[in-house]
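Enquirer: Quick note, the sequences are listed as chains A and B, same order. According to UniProt numbering, the first sequence is numbered sequentially starting from 1. According to UniProt numbering, the second sequence is numbered sequentially starting from 1. Could you have a look at this structure, given as structure tokens, before my questions?
Protein chains: 2
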Amino acid sequence: MTAYADLKTRFARIAALGEASGMLHWDAAAMMPPGGAAARGEQLATLAGLGHDLLTAPEVAGQLGEAEATGASDIANLALMRRAHLRATALPTALVEAMTRANAACETVWREARAASDFARVQPALIEVVRLQREAAAALSDATGLAPFDALMDGFQPGILAADVEPVFAAYEVFLADALPRAEAIQAARPAPIPPQGPFAIAAQRALCRSLAARAGLDFDHARLDESTHPFCGGTPTDVRITTRYREDDFAQSLLGVLHETGHALYERGLPAHLARQPVGEAAGMATHESQSLIVEMQACRSDSFLRFLGPLLHETFGGDSAPYAPENLARLWRRVSRGFIRVDADELTYPAHVILRFRLERALIAGDLAVADLPGAWNEAIHAMLGITPPDDARGCLQDIHWYDGAFGYFPSYTLGAMAAAQLMRAARNASPTLDRSLAQGDMAPLIGWLRGNIHSQGSRFGFQDLLRNATGKPLDPADYTAHLTERYLTA
Amino acid sequence: MTAYADLKTRFARIAALGEASGMLHWDAAAMMPPGGAAARGEQLATLAGLGHDLLTAPEVAGQLGEAEATGASDIANLALMRRAHLRATALPTALVEAMTRANAACETVWREARAASDFARVQPALIEVVRLQREAAAALSDATGLAPFDALMDGFQPGILAADVEPVFAAYEVFLADALPRAEAIQAARPAPIPPQGPFAIAAQRALCRSLAARAGLDFDHARLDESTHPFCGGTPTDVRITTRYREDDFAQSLLGVLHETGHALYERGLPAHLARQPVGEAAGMATHESQSLIVEMQACRSDSFLRFLGPLLHETFGGDSAPYAPENLARLWRRVSRGFIRVDADELTYPAHVILRFRLERALIAGDLAVADLPGAWNEAIHAMLGITPPDDARGCLQDIHWYDGAFGYFPSYTLGAMAAAQLMRAARNASPTLDRSLAQGDMAPLIGWLRGNIHSQGSRFGFQDLLRNATGKPLDPADYTAHLTERYLTA
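Written out as structure tokens, the structure reads:
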């Protein structure tokens with residue numbers, strides 16, 4: 001066997017271990033009785049350790065040096081193997097283990113601290129997490145030649161660095177300062193939305209979510225929809241597991257959540273099957289993944305076109321007064337702009353503000369320019385500067401998200417890059433398929449999903465974020481498509 | 001670290017891989033959409049391969065030679081490590097892979113062959129399976145010093161060989177020849193059982209099964225009850241997964257099935273937690289495992305005592321006429337003796353006949369004394385000799401069980417050894433706790449389960465099958481306790 005063939009076998013085993021872990025994570029969230037948690041931790045740690053051992057085994061460096069690949073796909077695959085090996089070997093085992101322990105310990109304390117809105121309680125644990133992240137960033141920086149924070153960002157969305165994000169975010173801040181009051185004024189001049197009256201039977205919600213996910217193209221011979229406290233998309237490309245949670249008094253949260261996760265799931269389902277379990281066959285980073293969930297949830301399903309289809313279906317499903325289900329009312333209800341404290345509840349217009357402030361704070365924490373102790377104050381200043389509001393407590397401020405407390409620094413930009421990419425892809429899809437909105441108005445997502453399958457899903461990781469966009473839309477990330485989308489949706493009286 | 005400490009770490013990783021596989025097997029049976037099957041195969045093969053690599057790594061032989069253990073538990077643990085290593089290294093990797101492929105291929109064809117009752121269709125695949133099993137038996141024989149078929153049996157119930165089983169089975173055959181017609185005559189003289197009239201709502205059956213499993217001691221903080229085509233007990237000791245299947249026209253199948261699986265589950269739950277993921281902390285073989293399911297299902301739950309509790313509960317659950325739920329009627333219904341073709345439907349009296357004939361045939365196949373082509377004829381002769389019936393087709397004959405077609409030779413004796421051990425343990429438990437039947441009549445299984453926990457569950461694999469029985473009952477396996485149980489239950493007018 002050639003060195004490259006050996007490496008392909010090795011990476012397929014690593015990927016199979018990752019798939020097994022993915023399933024066990026899903027099970028832990030959706031199925032596992034509480035008493036299984038400790039053993040599950042052992043199982044996952046063992047699988048992660050064995051995967052790391054396979055990736056960093058002594059013979060791999062030589063094989064990677066020796067390996068030769070021909071053809072674009074294999075050349076990209078080999079480059080991704082080298083990248084994975086470089087990042088995995090950059091961190092000493094002792095540091096990886098210390099991070100695993102510190103992150104797990106901090107996350108546990110964070111749950112209590114958030115519940116009590118008591119930042120001081122988690123401060124020592126977060127100081128340790130940040131200290132280790134800075135060590136890791138330095139080690140990754142040495143290995144990759146990237147700046148330390150860039151080296152962390154690169155772990156979530158390969159190739160996207162702080163210098164790419166900074167000007168985009170600065171421009172958005174300017175746009176928002178003007179757009180937000182205008183959107184609010186326009187909104188205030190319109191009739192107030194009428195909320196549908198519950199209760200909404202869970203069984204009906206479940207059937208609705210399932211049928212809309214199927215309508216969007218999710219094939220339940222290769223997917224499941226279950227329940228968990230925190231909705232997510234997990235599993236593997238041929239066996240995707242999405243979750244949601246249901247509330248009797250509100251169907252929108254589960255419905256729109258399922259459509260969001262369906263976007264993620266369709267991406268996984270559309271990855272190139274002939275490249276399964278090879279790095280080049282995987283999804284192309286977190287921002288790309290988020291673009292696929294948001295194009296389904298935000299761009300397609302909250303569009304005027306789709307709401308014309310969805311409104312009558314909802315009324316038929318839940319009965320009662322028809323007024324709340326009028327498409328215009330659903331649009332006012334589900335596209336409501338508000339200056340809120342909580343990122344995950346934010347609208348499309350203000351969401352980037354939440355991301356921008358986190359990006360700046362996490363960067364300052366890793367650079368050592370911001371002490372953990374000063375985080376609550378810096379947070380509150382930042383959100384006040386952008387949205388003019390001050391969190392009444394840290395639970396609604398710097399304690400709200402799990403990311404940092406779980407050791408994820410450099411992830412947040414992916415949300416907004418994904419939202420922007422979704423707008424850009426939607427524009428290109430509309431250009432490619434002039435009847436796309438007519439299809440959406442009939443509840444037919446096939447033209448959109450078909451276009452995404454060809455241009456994004458089936459590409460795997462053959463291209464990075466910018467080249468994927470360039471190939472699909474003719475240009476790299478262009479935030480103007482996002483602001484144009486927002487202008488049309490929120491700033492047009 | 002000492003060699004023994006290194007080995008403990010290694011075996012804990014191997015066990016964690018096994019736990020992960022167990023969960024993925026459960027998922028495949030109870031949750032997985034059909035499209036996930038191929039990827040699941042890759043995941044399981046990778047985990048099995050990595051586990052095998054860990055067990056057979058070059059340094060292990062040296063560590064096992066060097067390792068020293070003190071204290072009964074560690075001495076037993078080290079011996080079990082040596083045994084596992086010996087068996088794993090005995091088989092060349094190429095043979096293991098060939099068996100895996102041949103078994104999987106044969107099992108697939110067997111499903112069609114059974115459905116069509118067409119032995120010829122699966123004959124070539126079974127010939128290959130048997131050929132490889134004979135190779136494996138020879139290799140294991142060389143390594144262990146056991147006879148070839150004994151080396152296969154030893155893989156399912158360590159320490160129990162054909163010479164242990166043969167006289168037990170021969171004696172049972174003599175007992176049965178006399179007992180069966182007598183039991184039939186006694187049964188014929190009694191009123192015919194009145195079957196409860198359905199339909200029995202699945203939701204009510206589900207709740208009943210759950211509550212009876214909980215009553216038997218299963219803690220659902222550490223367990224789940226789900227559905228699958230073939231009921232089983234899987235998962236891990238702190239997260240046991242049992243399954244059943246429900247039919248609207250019959251509640252007994254799921255109810256008694258769940259009680260059977262609960263017996264398995266309680267054994268796993270009661271294994272010594274401080275020895276988790278070490279060989280000595282595992283269950284002590286398949287016959288021991290079966291004794292724990294059968295003591296709950298057959299000995300306890302079909303006893304006159306427990307039926308006095310269960311009858312009224314069933315009537316309360318399902319309503320309707322009370323006569324079918326009278327304890328005496330349930331006894332006549334659920335302890336009905338009949339000469340049937342199907343092992344899994346057999347009663348306690350005739351079940352061993354099904355096992356005895358399989359044991360003799362599989363032994364002859366492995367010895368080369370019986371050709372695969374002659375299996376259907378040999379089967380039909382054997383069952384006619386013991387039960388006086390002739391299968392109308394091979395689906396009800398030699399095609400009925402998956403075991404051989406999946407490469408499991410030497411497993412069948414465990415069923416009957418387990419049934420016999422269950423009777424012996426029940427007698428000892430009654431002696432130890434004279435109020436045990438009074439408790440059962442109140443639906444209280446705690447005295448029985450508590451006794452099993454102390455004498456069997458908590459012992460892990462510290463002792464083999466015979467020593468476990470000796471410690472718990474004062475003697476090794478004594479089939480007289482089983483025939484005494486059968487005599488009391490079936491031969492007393």
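Cβ coordinates follow ideal geometry from the N, Cα and C atoms, glycine included.
#1: Quick one, which of 357/A, 5/A and 236/A has its alpha-carbon nearest residue 498/A's?
#2: Against chain B, which members of the segment 35-60 of chain A pass a CB distance test of less than 9 angstroms?
#3: With 7 angstroms as the C-beta to C-beta threshold (strictly closer), list the residues of the segment 394-423 of chain B near chain A in chain order.
#4: Can you list, in chain order, the residues of its chain with a C-beta nearer than 7 angstroms to that of residue 311/B? Leave out the 5 residues immediately preceding and following it.
#5: Which residues of the segment 209-230 of chain A have a Cβ closer than 8 angstroms to any Cβ of chain B? Give them in chain order.
#6: Going along the chain, which residues of the segment 3-24 of chain B sit with their C-beta nearer than 7 angstroms to a C-beta in chain A?
#7: At 8 angstroms on the CB atoms, spell out the chain A contacts of residue 33/B, in chain order.
#8: Give the residues of chain A in contact with residue 93/B, contact being defined as C-beta atoms less than 8 angstroms apart.
#9: Have a look at the DSSP bridge pairing and note the partners of residue 242/B.
#10: In terms of residues, what are the limits of the alpha helix (DSSP H) holding residue 56/A?
#11: I'd like to know if residue 236/A contacts chain B, where contact means its C-beta is closer than 8 angstroms to some C-beta of that chain.
#12: Find the nearest neighbour of residue 382/B within the set 368/B, 398/B, 373/B and 304/B, judged by alpha-carbon distance.
#13: To which residues does DSSP link residue 247/B through a beta bridge?
#14: In whole angstroms, give me the CA-to-CA distance for residue 4/A and residue 78/A.
#15: Mind checking if residue 27/B is an interface residue toward chain A, Cβ cutoff 8 angstroms exclusive?
#16: Which residue marks the beginning of the alpha helix (DSSP H) containing residue 298/B, and which one marks its end?
#17: Tell whether a beta-carbon distance below 8 angstroms holds between residue 406/B and residue 103/B.
#18: In angstroms with no decimal places, state the Cα-to-Cα distance between residue 219/A and residue 240/A.
#19: One question on the structure: do residue 43/A and residue 6/A come within less than 8 angstroms of each other, judged by their Cβ atoms?
#20: Considering only residues of the same chain and omitting the five flanking positions on each side of residue 362/A, which have a CB-CB separation below 7 angstroms?
#21: Going along the chain, which unbroken runs of the alpha helix (DSSP H) with 4 or more residues stay wholly within the segment 123-191 of chain B?
#22: Less than 8 angstroms between the C-beta atoms of residue 426/B and residue 216/B, yes or no?
#23: Less than 8 angstroms between the CB atoms is what I'm expecting for residue 231/A and residue 460/A, so what's the real figure, rounded?
#24: Given a threshold of 16 other Cβ atoms within 10 Å of its Cβ, counted over all protein chains shown, does residue 456/B qualify as buried or as exposed?
#25: Excluding the 5 residues flanking residue 366/B on each side, which residues of the same chain have their C-beta closer than 7 angstroms to its C-beta?
#26: Report the residue from 100/A, 417/A and 178/A whose alpha carbon sits nearest the alpha carbon of residue 161/A.
#27: Considering residue 31/B, what are the terminal residues of the alpha helix (DSSP H) in which it resides?
#28: Is residue 8/B helix, strand or coil when you go by DSSP?
#29: Please look up how many angstroms separate the CB atoms of residue 251/B and residue 318/B, rounded, as I've assumed it's under 8 angstroms.
#30: If I measure Cβ to Cβ from residue 335/B and keep anything under 8 angstroms in the same chain, skipping five residues before and after, which residues do I get?
#31: With a threshold of 16 other CB atoms inside 10 Å of the CB of residue 447/B, please say whether the residue is buried or exposed.
#32: Taking all protein chains shown into account, do 16 or more other C-beta atoms lie within 10 angstroms of the C-beta of residue 344/B, making it buried, or fewer, making it exposed?
#33: With contact counted as at least three CB pairs below 8 angstroms, one residue from each stretch, are the segment 23-35 of chain A and the segment 86-100 of chain A in contact?
#34: Would you check if the segment 42-56 of chain B and the segment 111-125 of chain B touch, i.e. whether three or more CB-CB distances between them fall below 8 angstroms?
#35: Does residue 96/A come out as helix, strand or coil in the three-state DSSP assignment?
Expert: Walking through what the data contain:
#1: A query on residue 498/A cannot be resolved here, the shown segment of chain A reaching from 1 to 493 and no further.
#2: 35, 36, 37, 38, 39, 40, 42, 43, 44, 45, 46, 47, 49, 50 and 54
#3: none
#4: In the second sequence, residue 311/B corresponds to position 311, counting from 1. In chain order, 325, 326, 327 and 330 place their CB closer than 7 angstroms to the CB of residue 311/B, counting only its own chain and leaving out the 5 sequence neighbours on each side.
#5: So the close ones are 219, 220, 221, 222, 223 and 224.
#6: Taking 7 angstroms as the Cβ-Cβ cut-off against chain A, the residues of the segment 3-24 of chain B that qualify are 13, 16, 17, 19, 20, 23 and 24.
#7: Against the second sequence, residue 33/B aligns to sequence position 33. Contact annotation for residue 33/B against chain A: 220, 221, 222, 223, 224 and 239 [CB-CB distance below 8 angstroms, chain order].
#8: The residue you call residue 93/B lines up with position 93 of the second sequence. In chain order: nothing, as chain A lies at least about 14 angstroms away.
#9: Stepping through the second sequence from its first residue, residue 242/B is reached at position 242. Answer is 225/B and 233/B.
#10: In the first sequence, the residue the question calls residue 56/A occupies position 56. For residue 56/A, the enclosing alpha helix (DSSP H) covers residues 37-56.
#11: As a first step, residue 236/A is located in the first sequence; it is residue number 236 there, counting from the start. So yes, residue 236/A belongs to the interface.
#12: Working through the second sequence from its first residue, we reach residue 382/B at position 382. Nearest option by C-alpha distance: 398/B.
#13: Numbered from 1 along the second sequence, position 247 holds the residue referred to as residue 247/B. Bridge partners of residue 247/B: 250/B.
#14: Counting from 1 along the first sequence, the entry for residue 4/A is found at position 4. Counting from 1 along the first sequence, the entry for residue 78/A is found at position 78. Going from the Cα of residue 4/A to the Cα of residue 78/A covers about 8 angstroms.
#15: For the purposes of this step, residue 27/B is identified with residue 27 of the second sequence, where counting begins at 1. Output row for residue 27/B: interface = yes.
#16: For the purposes of this step, residue 298/B is identified with residue 298 of the second sequence, where counting begins at 1. Note, residue 298/B: premise wrong, no alpha helix (DSSP H); not H, not E.
#17: By 1-based counting over the second sequence, the position of residue 406/B is 406. By 1-based counting over the second sequence, the position of residue 103/B is 103. Contact: yes.
#18: Taking the first sequence and counting its residues from 1, the one referred to as residue 219/A is at position 219. Taking the first sequence and counting its residues from 1, the one referred to as residue 240/A is at position 240. CA-CA distance, residue 219/A to residue 240/A, rounds to 10 angstroms.
#19: The residue labelled residue 43/A in the question sits at position 43 within the first sequence. The residue labelled residue 6/A in the question sits at position 6 within the first sequence. Result no, Cβ atoms of residue 43/A and residue 6/A do not sit closer than 8 angstroms.
#20: Translated into the one-based positions of the first sequence, residue 362/A becomes position 362. Closer than 7 angstroms at Cβ, skipping near neighbours: 404, 409, 410 and 412.
#21: 148-156 and 162-189
#22: Locating residue 426/B in the second sequence gives position 426, where the first residue counts as 1. Locating residue 216/B in the second sequence gives position 216, where the first residue counts as 1. Not a contact, by the Cβ cut-off of 8 angstroms.
#23: Walking along the first sequence from the start, residue 231/A turns up at place 231. Walking along the first sequence from the start, residue 460/A turns up at place 460. Wrong, their Cβ atoms sit about 25 angstroms apart, outside the cutoff.
#24: Here residue 456/B corresponds to residue number 456 of the second sequence, with the count starting at 1. Result: buried.
#25: Sequence index remark: in the second sequence, residue 366/B carries index 366 (1-based). Same-chain partners within the cutoff: 133, 134, 137, 148, 149, 152 and 409.
#26: What you label residue 161/A is simply residue 161 of the first sequence in a count that begins at 1. Minimum Cα distance to residue 161/A is reached at 417/A.
#27: Taking the first residue of the second sequence as position 1, residue 31/B is located at position 31. Careful: residue 31/B lies outside any alpha helix (DSSP H) and carries neither H nor E.
#28: If you number the second sequence from 1, residue 8/B lands on position 8. Of the three classes helix, strand and coil, the one that applies to residue 8/B here is helix, per DSSP.
#29: For the purposes of this step, residue 251/B is taken as the residue at position 251 of the second sequence. For the purposes of this step, residue 318/B is taken as the residue at position 318 of the second sequence. Right, the Cβ-Cβ distance comes to about 7 angstroms (below 8 angstroms), so this counts as a contact.
#30: Residue 335/B sits at position 335 when you count from the first residue of the second sequence. Excluding its 5 nearest sequence neighbours in each direction, residue 335/B has C-beta neighbours in its own chain below 8 angstroms: 302, 347, 348, 489 and 490, listed in chain order.
#31: Taking the first residue of the second sequence as 1, we reach residue 447/B at position 447. It counts as buried.
#32: Residue mapping note: residue 344/B aligns to position 344 of the second sequence, counting from 1. Exposed, since its Cβ has fewer than 16 Cβ neighbours within 10 Å.
#33: Flag = no, the segment 23-35 of chain A and the segment 86-100 of chain A do not touch.
#34: no
#35: Within the first sequence, the letter at position 96 stands for residue 96/A. DSSP, reduced to helix, strand and coil, places residue 96/A within a helical segment of the structure shown.
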